[in-house]
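In UniProt numbering, the protein residues as written are 1 to 257.
All C-beta atoms in this analysis are idealised placements derived from N, C-alpha and C, irrespective of residue type, glycine included.
Structure first, commentary second.
Below, the structure is given as structure tokens:
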């Protein structure tokens, strides 16, 4: 099994693949304090033999600790995705070294499965839009606050507002405070993403395939018919990077060496 791990700011998603099919899935909270103990307990529950591990992490403060746990837990190739460690990935950014592993993985996953050029909306703690040109090069994008991040900020900075559940109401026009907040957060993000995608297409001078993914995408994707929903896009990209041998080095691993 190829074990792919997406460490995000809020959640960690593990998906194991055999013959390109997912055979293991687990979503846990991203632990940032007792990292060694927590992730040891998470990885110990995996019963299927792991032949390789591919890690994407956007939490630098815990990445090495997670790698240490992986090295102890699995006797196989273990890869940590970064721009320095990735081959055959073209970047057209002003500062290419700034691109995160999550952007790389979603771009690779999307380009392997859909028609370019494309716009990818990754809805997490931050909502990120990536633009991939017709040749598969990463052009750039936009970053805006995510759903929960926006809701938390609103309640924090306007304390007289009530705390509400993160949910999408039936109607855009709210008729009470709770629904007004929920509408603004959810439909507001939908409008932002759709509007930004439209402006990006105009700037490119061409229509793009549009894909939506990420942990919070399940809440809003049904309202975004112009976007293809792919929940596991990032993990798919990690699998593809490994299968294509596009990762330059491994982090381990042989007890006999």
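> What is the DSSP secondary structure of residue 107, reduced to helix, strand or coil?
Replying inline: helix
> Sorted by chain position, which residues of the same chain lie with C-beta nearer than 6 Å to residue 70's C-beta, five sequence neighbours on each side aside?
Replying inline: 53, 78
> Could you give the residue range of the beta strand (DSSP E) that holds residue 132?
Replying inline: 126-132
>> Distance check for residue 246 and residue 222, CA to CA, integer angstroms please.
In response: 34 Å
> For the candidate residues 66, 61, 49, 95, whose alpha-carbon lies nearest to that of residue 75?
Replying inline: 49
> Leaving out five residues before and five after residue 32 in sequence, what residues of the same chain have Cβ atoms less than 8 Å from its Cβ?
Replying inline: 59, 61, 62
> With distances taken from CA atoms, which of 121, 241, 140, 157 is nearest residue 146?
Replying inline: 121
> Residues bridged to residue 145 by DSSP?
Replying inline: 126
>> Could you compute how far the alpha carbon of residue 208 sits from the alpha carbon of residue 160?
In response: 42 Å
> Which residues mark the beginning and the end of the beta strand (DSSP E) in which residue 79 is found?
Replying inline: 77-80
> residue 36 to residue 43, Cα distance in whole Å?
Replying inline: 11 Å
> What does a CB cutoff of less than 7 Å around residue 252 pick up in its chain, not counting 5 residues either side in sequence?
Replying inline: Residue confidence is low: residue 252 scores 48 on pLDDT, short of 50, so the model does not pin down where it sits. Its coordinate-derived value is still stated next. Cβ within range, chain order: 71, 78.
> Hey, residue 102 and residue 56: beta-carbon distance below 8 Å or not?
Replying inline: yes
>> Please report the straight-line C-alpha distance between residue 255 and residue 249, rounded to a whole angstrom.
In response: Caution is warranted here: a pLDDT of 39 is assigned to residue 255, below 50, making its placement in the model unreliable, and no coordinate value can be reported.
>> So, with DSSP's three-state summary, where would you put residue 138?
In response: strand
> Under a Cβ-count criterion, where at least 16 other Cβ atoms within 10 Å of its own Cβ denotes burial, should residue 13 be classed as buried or exposed?
Replying inline: buried
> When DSSP labels each residue in this structure, what does residue 163 get in the three-state scheme?
Replying inline: coil
>> Check whether the region 210-218 and the region 83-90 are in contact - that is, three or more C-beta pairs closer than 8 Å.
In response: no
> DSSP beta-bridge partners for residue 11?
Replying inline: 29
>> Counting C-beta neighbours from all protein chains within 10 Å, is the total for residue 162 16 or more, i.e. buried, or is it exposed?
In response: exposed
> Which same chain residues, not among the five before or five after residue 15, have their C-beta less than 7 Å away from its C-beta?
Replying inline: 4, 22, 24, 25, 232, 235
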